[in-house]
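Quick note on numbering: the sequence shown equals residues 877 to 974 in this note's numbering. Built from N, CA and C at the ideal position, the CB exists for glycine as well. Computed from a predicted structure; not experimentally measured. Report on one structure; see the data block that follows.
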Amino acid sequence: MMPGGLTEAKPATPEIQEIANEVKPQLEEQTNETYEEFEAVEYKTQVVAGINYYIKVRVGHNSYIHLKIFKPLPQQRQSLTLTGYQTDKSKDDELKGF
877 MMPGGLTEAK PATPEIQEIA NEVKPQLEEQ TNETYEEFEA VEYKTQVVAG
927 INYYIKVRVG HNSYIHLKIF KPLPQQRQSL TLTGYQTDKS KDDELKGF
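Written out as structure tokens, the structure reads:
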């Protein structure tokens, strides 16, 4: 994997769902919304000084949000941070760096 480059999209795993769930309260606070449905469907990663996760999350019928989540290196002992999001996405919208 090339540092700084995004991987190909992969189906979300239980670990990716856990990452999305951990930042869900941050997203709800920033968007002033409550998401009853919150299912990670696919993701890409980017190696930086840690890992950026780009995760497509279904939040309703054909309603999706793209999340950008930073996971610092283990020795930094910091938690996951929601560093960006894009709303009004569809199932077919490609995950891209933002």
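Between Asn-938 and Lys-920 the beta-carbon gap is near 21 Å, outside 8 Å, which marks them as no contact. Along the length of the segment 906-931, whole beta strand (DSSP E) runs at least 3 residues long occupy 915-924, reported in chain order. According to the DSSP assignment, Gln-951 belongs to no beta strand (DSSP E), since it is labelled neither H nor E. Rounded to whole angstroms, Lys-886 and Lys-944 show a C-alpha spacing of 15 Å. Taking Glu-891 as reference, the option from Glu-905, Gln-906, Val-917, Glu-884 with the minimal CA-CA separation is Val-917.
A direct Cα-to-Cα measurement between Ala-888 and Ile-931 gives close to 8 Å.
If you draw a 10 Å sphere on the C-beta of Ala-925, you find fewer than 16 other C-beta atoms in it, and that means exposed.
In the three-state reduction of the DSSP assignment, Lys-972 falls in the coil class. Contact between Tyr-961 and Leu-903 holds: CB atoms are separated by about 6 Å, below the 8 Å threshold.
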